[in-house]
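Chains as they are written, first to last, in the working numbering: chain A, 17 to 163; chain B, 17 to 163.
Read the structure below first, then the notes.
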DNA sequence: TATTGTTATACTCTATAACTATA
DNA sequence: TATAGTTATAGAGTATAACAATA
């Protein structure tokens with residue numbers, strides 16, 4: 017394609033993955049900023065809404081981030097009245113993360129915006145092609161690479 | 017798929033793109049570390065080898081990074097004897113980036129390792145599927161998203 | 001002993017502003 | 001005035017170690 021512009025790096029699959037993701041992330045960040053959210057805080061909120069009562073440790077595992085980096089993130093969501101930390105009967109170490117009404121509403125509105133964002137960003141692909149793309153990507157991340 | 021594990025975020029194409037890229041980047045970093053390179057320094061070296069005489073500004077444009085962040089990177093490559101900064105006749109502001117013999121050799125060896133890395137990381141996909149993946153990704157990053 | 005939430009910290013990556021020398 | 005290279009710095013994002021409370 018433009019081998020003299022990028023000197024052949026565009027032959028690599030990883031290069032094209034990164035470049036496409038950069039486009040997607042830039043647009044997503046703009047969309048979520050209107051809700052006062054970043055990608056990671058949107059994900060956290062959505063998981064809490066759909067898994068009420070999840071603990072911070074389990075949430076960190078699901079989001080594949082460090083639990084220490086989740087503390088301030090949950091602080092933000094809690095300060096905005098989107099979620100609450102509730103005591104868990106039987107284990108006083110854990111906090112159950114419970115979505116507040118405002119959190120549920122924001123997650124729903126943001127999810128609609130994210131779906132619109134994906135429709136826009138992947139408009140060049142047909143629905144079938146989008147399904148193919150997801151299928152191929154899943155097989156990449158689902159595959160064990162090293163022992 | 018595991019909608020109760022990730023609470024539905026895996027429905028998003030962007031989520032699958034990021035997750036796949038994380039796997040790819042982790043493996044690539046390991047591979048390039050054996051050559052004392054990061055992804056960005058490998059890309060820079062490869063472009064210099066295939067576009068001898070390119071200036072730092074033009075290289076920054078190709079790599080889509082800030083020229084200020086290129087200075088130390090080129091310092092490293094130069095200190096290792098992989099490239100040199102040569103004066104450009106007719107414009108004393110510019111430096112022509114010239115690959116040294118060691119730089120050409122390292123770029124070739126690293127490129128073979130990167131190709132082996134891609135063969136390994138995308139082993140779950142047939143050659144046709146890899147071509148399809150690249151084609152779909154290119155159409156995503158080539159598409160203008162916002163005006 | 002191990003786990004949960006927390007704090008502090010360090011390290012990488014990236015972006016921006018300002019400077020110099022040249023054009 | 002504008003551009004190439006450079007320096008310094010600041011902001012994200014992420015990773016690690018240590019701690020108190022609890023299991």
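Built from N, CA and C at the ideal position, the CB exists for glycine as well.
Predicted, not measured: the structure shown is a model, and the values here were computed from it.
* Thinking C-alpha only, which one of A:59, A:34, A:123, A:42 is nearest residue 26 (chain B)? -> The candidate whose alpha carbon is nearest that of residue 26 (chain B) is A:59.
* Asked: Is the CB-CB distance between residue 123 (chain B) and residue 65 (chain B) below 7 Å?
  -> A contact, by the Cβ cut-off of 7 Å.
* Asked: What did DSSP end up calling residue 17 (chain A) once you bin it into helix, strand or coil?
  -> Interpretation of residue 17 (chain A) is limited by its pLDDT of 39, a score under 50 that renders its predicted location unreliable; the figure taken from the coordinates is listed afterwards. The DSSP-derived three-state label of residue 17 (chain A) is coil.
* To do: Going by CA-CA distance only, name the one from B:63, B:106, B:35 that's closest to residue 114 (chain B).
  => The candidate whose alpha carbon is nearest that of residue 114 (chain B) is B:63.
* According to DSSP, residues forming a beta bridge with residue 99 (chain A) -> According to DSSP, residue pairing for residue 99 (chain A) in a beta bridge involves A:115.
* When DSSP labels each residue in this structure, what does residue 80 (chain A) get in the three-state scheme? -> Assignment of residue 80 (chain A) by DSSP, reduced to helix, strand and coil, places it in the coil class.
* Evaluate the contact criterion for the segment 71-89 of chain A versus the segment 34-47 of chain A: three or more CB pairs, one atom per stretch, below 8 Å. => Remark: fewer than three beta-carbon pairs, one from each stretch, lie closer than 8 Å, so the segment 71-89 of chain A and the segment 34-47 of chain A are not flagged as touching.
* **Interface partners of residue 29 (chain B) on chain A, CB under 7 Å** => For residue 29 (chain B), the residues of chain A that pass the 7 Å Cβ criterion are 134, 138, 146, 149, 150, in the order they occur in the chain.
* **Identified DSSP bridge partners for residue 70 (chain B)** => DSSP lists B:113 as the beta-bridge partner residues of residue 70 (chain B).
* Asked: Looking at the C-beta of residue 143 (chain B), does it have a partner C-beta in chain A at a distance below 7 Å?
  -> Not an interface residue.
* Asked: Using Cβ-Cβ distances below 7 Å, what residues of the segment 58-75 of chain B are close to chain A?
  -> Residues passing the 7 Å Cβ filter: 59, 62, 63, 66, 67.
* Could you give the residue range of the alpha helix (DSSP H) that holds residue 33 (chain B)? -> Following the DSSP letters along the chain, one finds residue 33 (chain B) inside the alpha helix (DSSP H) bounded by residues 29-49.
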